[in-house]
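Report on the following structure.
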């Protein structure tokens, strides 16, 4: 597995964002593998119109490289379309999808799962209006850091859930008209952090 | 005993509440405020004149110029539903909306009959409170939810239990089964609830919509029965009555602990292992509460089960308990193939602690309910909403799936590495396709990125669903996964199935 130190060598820097040129097809996988490596022990907030696609790709990678399973917590009214997720290489039968009823349950569920230290990552798809207070976020951060797992909070918009001091914020956007060129970049520090570009296709049925 | 409060023709009631209308004049609720809008609900006067749901407003207006018609927005309906819920909650602490129905509520009558002389008087009080706010309601009673619901539908108003025979004889059309499924069931000669409940759940799941499968479970009151062992060796039962009754959760748990310890001791003596426990609590009025707890693997540890029970009883409301019956599901240990593999270390990963992972899943199920832990299943079907389902999963199954995942990785048959080739944009799917007026306008104006992809089902049998799918960039920048209805009943209507995410 590639290490975090190789990030800058393999990924395109944020300043290249204005002149998109797609990297070789395997770079997306390397970029995501590096990103997974980099985010170990961190709380990450991901948002943007293409964040779920990148996360599902990351889940497929996690299922291939990690000894512990990833867990998906779906607190939103809508959820990923399972046939798409399966076609991305995710083994659905080995991906537990937890369904909390409200914000409080979501928080306690994340806490219980992280505290068990039996998962490689917790991906929580939460509505934009959910707000975890700082004490809870600090607890998540502590448990994630000591357990060496990851907590990814997925929201459609940046609702100010995390401050940059607590975790890292990543935005995933599509940069072309058809929504097929995706860019992953850190919020508010575009030039200091590498950008991952991914080329996608879309299915109609 | 349960009550079912129903407010029939709710959208029409909201219309009458908003406008001062003469009930003797024909009135109708429309989908929107324009001549091409469809009629969705009509009052009795309109029905007698031949105005039916599905007709166009212009058509109705040309035939009956005196008709009063207006749309009722979702927001308006939601506000009215909040008002109704507020009124009902004045008369009960515990009301739940009927799934798949609007403005229908179940109310368990436990405890309420101490405040009201009879169920009928309680029902009349609720009805008159709703009538004061301009709502027309019907309250029916039954021994269970299904019986109360059916009684509300047939307006029998019965207080006595109708019994299983009565339920079995009722027409299937009383249940909110989607029209397409109802038609198919009728073609199969299934017209009564009794016949419907006898269909095998697995067959139903592969051929009918999720709503129908859900209603089948509701009718049969089926809980998923999971057999951890093929051979059931019997059960161990302990029972005790309490005088005075147990009123506090702590005292109840303490009483259960004593029963459980004795039962576990019996299990040890008999050399059997426990894989589940059933608890039946009886309250002062002879009502029974039953809870089932299953462990991931068979064991003889009573403390573990007690912990799961404490989680399940957390937040549960109950009346004073006079009797507790505890049944252990137990069986003799059986040497199984998977145990042998585990012991040889073939699929054991040093970091993955399968028993601990199973315990975690069992704890989550105990605390948040069995349906809180699911896995996605993909089916082969034409319509997107039928191509997947969320299935409850047992801890052991989940841990085995992950172990197989690890095993696959270690073997030669490795799936293609993600990242080689482009990725697919994952779609989010709504539970129900959305179709608000604003969204439809946005869809019509939005730029079509790709499509149409035509999907049609069952056209050879006349049960046709026709959809033309598009990807449309909306004004917000999001890309909607939308379709245009092409079937005869609602041709041209736009729906959003989901979004690229």
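Protein chains in written order, with my numbering: chain A, 1 to 205; chain B, 1 to 501. Glycine included, each C-beta is placed from N, C-alpha and C at the ideal position. In this text the structure is predicted, and so the values were computed from the model without any measurement.
Worksheet item: Is the distance from the Cβ of residue 378 of chain B to the Cβ of residue 173 of chain A below 8 Å?
Response: No.
Item to complete: Enumerate in chain order the residues of its own chain whose CB-to-CB distance from residue 72 of chain B is below 6 Å, with the five nearest sequence positions on each side excluded.
Response: Excluding its 5 nearest sequence neighbours in each direction, residue 72 of chain B has C-beta neighbours in its own chain below 6 Å: 11, 14, 15, 29, listed in chain order.
Worksheet item: DSSP three-state call for residue 504 of chain B: helix, strand or coil?
Response: In this structure chain B extends from 1 to 501, so residue 504 of chain B is not present and cannot be described.
Worksheet item: If you compare alpha carbons, which of B:139, B:144, B:469 is closest to residue 8 of chain B?
Response: Looking at the Cα atoms, B:139 is the closest of the given residues.
Worksheet item: Taking a cut of 8 Å between CB atoms, which residues from the segment 357-386 of chain B lie near chain A?
Response: Under the 8 Å Cβ criterion, the segment 357-386 of chain B contributes 357, 360, 361, 363, 364, 367, 368, 371, 372, 373, 374, 375, 376, 377, 378, 384.
Worksheet item: Between the beta-carbon of residue 50 of chain A and the beta-carbon of residue 182 of chain A, is there less than 8 Å?
Response: Result yes, Cβ atoms of residue 50 of chain A and residue 182 of chain A sit closer than 8 Å.
Fill in: Buried versus exposed call for residue 448 of chain B [16 or more other C-beta atoms within 10 Å across all chains shown]
By the Cβ neighbour-count rule, residue 448 of chain B is exposed, with fewer than 16 other Cβ atoms within 10 Å of its own.
Discussion item. Can you tell me whether residue 258 of chain B is buried or exposed? The criterion is at least 16 other CB atoms within 10 Å of its CB, across all chains shown.
Written reply: A residue is called buried once 16 or more other Cβ atoms fall within 10 Å of its Cβ, and residue 258 of chain B, having fewer, is exposed.
Practice prompt. In the DSSP assignment, find the unbroken beta strand (DSSP E) run with residue 451 of chain B in it and report its ends.
Written response: Judged by DSSP secondary structure, residue 451 of chain B falls within the beta strand (DSSP E) whose first and last residues are 447-457.
Discussion item. Determine whether the beta carbon atoms of residue 332 of chain B and residue 362 of chain B lie at a separation below 8 Å.
Written reply: Annotated as distal: residue 332 of chain B and residue 362 of chain B, with beta-carbon spacing of 8 Å or more.
Worksheet item: Cβ of residue 242 of chain B versus every heavy atom of the ligand PLP: is any distance shorter than 7 Å?
Response: In terms of ligand content, the structure shown is empty, and the ligand PLP therefore cannot be addressed.
Worksheet item: How many Å lie between residue 235 of chain B and residue 263 of chain B at the Cα?
Response: Each residue's Cα considered, the two are about 10 Å apart.
Fill in: 4-residue-minimum alpha helix (DSSP H) runs that sit fully inside the segment 112-188 of chain B, ordered along the chain
Correct list: 119-132, 145-154, 163-169, 179-187.
Practice prompt. Consult DSSP for residue 379 of chain B and reduce its assignment to one of helix, strand or coil.
Written response: Note: residue 379 of chain B maps to coil in three-state DSSP.
Worksheet item: Based on Cα-Cα distance, which residue from A:55, A:68, A:54 lies nearest to residue 402 of chain B?
Response: Residue 402 of chain B has its Cα closest to that of A:68, out of A:55, A:68, A:54.
Fill in: Distance between residue 360 of chain B and residue 306 of chain B (C-alpha atoms, nearest Å)
Taking the Cα positions, residue 306 of chain B is about 15 Å away from residue 360 of chain B.
Discussion item. Spatial neighbours of residue 107 of chain A within its chain, please: C-beta separation below 7 Å, excluding the five flanking residues on both sides.
Written reply: Excluding positions up to five away in sequence, the list reads 132, 136.
Practice prompt. Would you mind working out which of B:132, B:125, B:120 sits nearest residue 148 of chain B, comparing C-alpha positions?
Written response: Among B:132, B:125, B:120, the Cα nearest to that of residue 148 of chain B belongs to B:120.
Practice prompt. Provide the residue(s) that pair with residue 206 of chain A in DSSP beta bridges, ordered along the chain.
Written response: Outside the shown range of chain A (1 to 205) lies residue 206 of chain A, about which nothing can therefore be said.
Fill in: residue 78 of chain B - DSSP class collapsed to helix/strand/coil
When DSSP states are grouped into helix, strand and coil, residue 78 of chain B belongs to the helix group.
Fill in: Reference residue 295 of chain B; option with closest CA among B:289, B:288, B:303
Residue 295 of chain B has its Cα closest to that of B:303, out of B:289, B:288, B:303.
Discussion item. Pop quiz: residue 451 of chain B and residue 468 of chain B are said to be a contact at Cβ under 8 Å. What is the actual Cβ separation, rounded to whole angstroms?
Written reply: Yes, they are in contact, since the Cβ atoms of residue 451 of chain B and residue 468 of chain B sit about 7 Å apart, within 8 Å.
Item to complete: Note down, in chain order, each residue of its chain lying with its Cβ closer than 6 Å to the Cβ of residue 386 of chain B, except the 5 sequence neighbours on either side.
Response: Only residues of its own chain outside the window of five on either side were considered, and among them none has a CB closer than 6 Å to the CB of residue 386 of chain B.
Discussion item. Spatial neighbours of residue 92 of chain B within its chain, please: C-beta separation below 7 Å, excluding the five flanking residues on both sides.
Written reply: In chain order, 107, 112 place their CB closer than 7 Å to the CB of residue 92 of chain B, counting only its own chain and leaving out the 5 sequence neighbours on each side.
Worksheet entry | CB-CB length for residue 33 of chain A against residue 61 of chain A, believed under 8 Å | About 6 Å separates the two Cβ atoms, so the contact holds.
Worksheet entry | Cβ pair count under 8 Å reaching 3, the segment 162-181 of chain B against the segment 24-41 of chain B | No, they do not touch.
Item to complete: To the nearest angstrom, report how far apart residue 18 of chain A and residue 196 of chain A are at their CA atoms.
Response: The predicted position of residue 18 of chain A is uncertain, since its pLDDT is 31 and thus under 50; no value can be drawn from it.
Discussion item. Using only the alpha-carbon positions, how far apart do residue 70 of chain A and residue 41 of chain A sit?
Written reply: Approximately 14 Å, taken between the alpha carbons.
Discussion item. When you compare the CB positions of residue 116 of chain B and residue 125 of chain B, do they come within less than 8 Å of one another, or not?
Written reply: If you check the CB distance, residue 116 of chain B and residue 125 of chain B come in under 8 Å.
Worksheet item: Run through DSSP, which three-state label would residue 329 of chain B get?
Response: Secondary structure of residue 329 of chain B (DSSP, three-state): strand.
Worksheet item: How is the beta strand (DSSP E) around residue 239 of chain B delimited, first residue to last?
Response: Bounds of the beta strand (DSSP E) holding residue 239 of chain B are 235-246.
Worksheet entry | CB of residue 179 of chain A within 8 Å of CB of residue 474 of chain B, strictly | No; because the gap between Cβ atoms is not below 8 Å, this pair is not in contact.
Worksheet item: Per DSSP, which one or two residues make a beta bridge with residue 97 of chain B?
Response: According to the DSSP secondary-structure assignment, residue 97 of chain B is paired through a beta bridge with B:105.
Practice prompt. Could you list the residues in the segment 93-109 of chain B with a C-beta less than 9 Å from some C-beta on chain A, going in chain order?
Written response: Per Cβ criterion, the list is empty.
Discussion item. Taking 8 Å as the threshold (beta carbon to beta carbon), is residue 132 of chain A in contact with chain B?
Written reply: So no, residue 132 of chain A is outside the interface.
Practice prompt. Pull up the distance between the alpha-carbon of residue 203 of chain B and that of residue 181 of chain B, whole angstroms please.
Written response: Residue 203 of chain B and residue 181 of chain B: Cα-Cα distance of roughly 13 Å.
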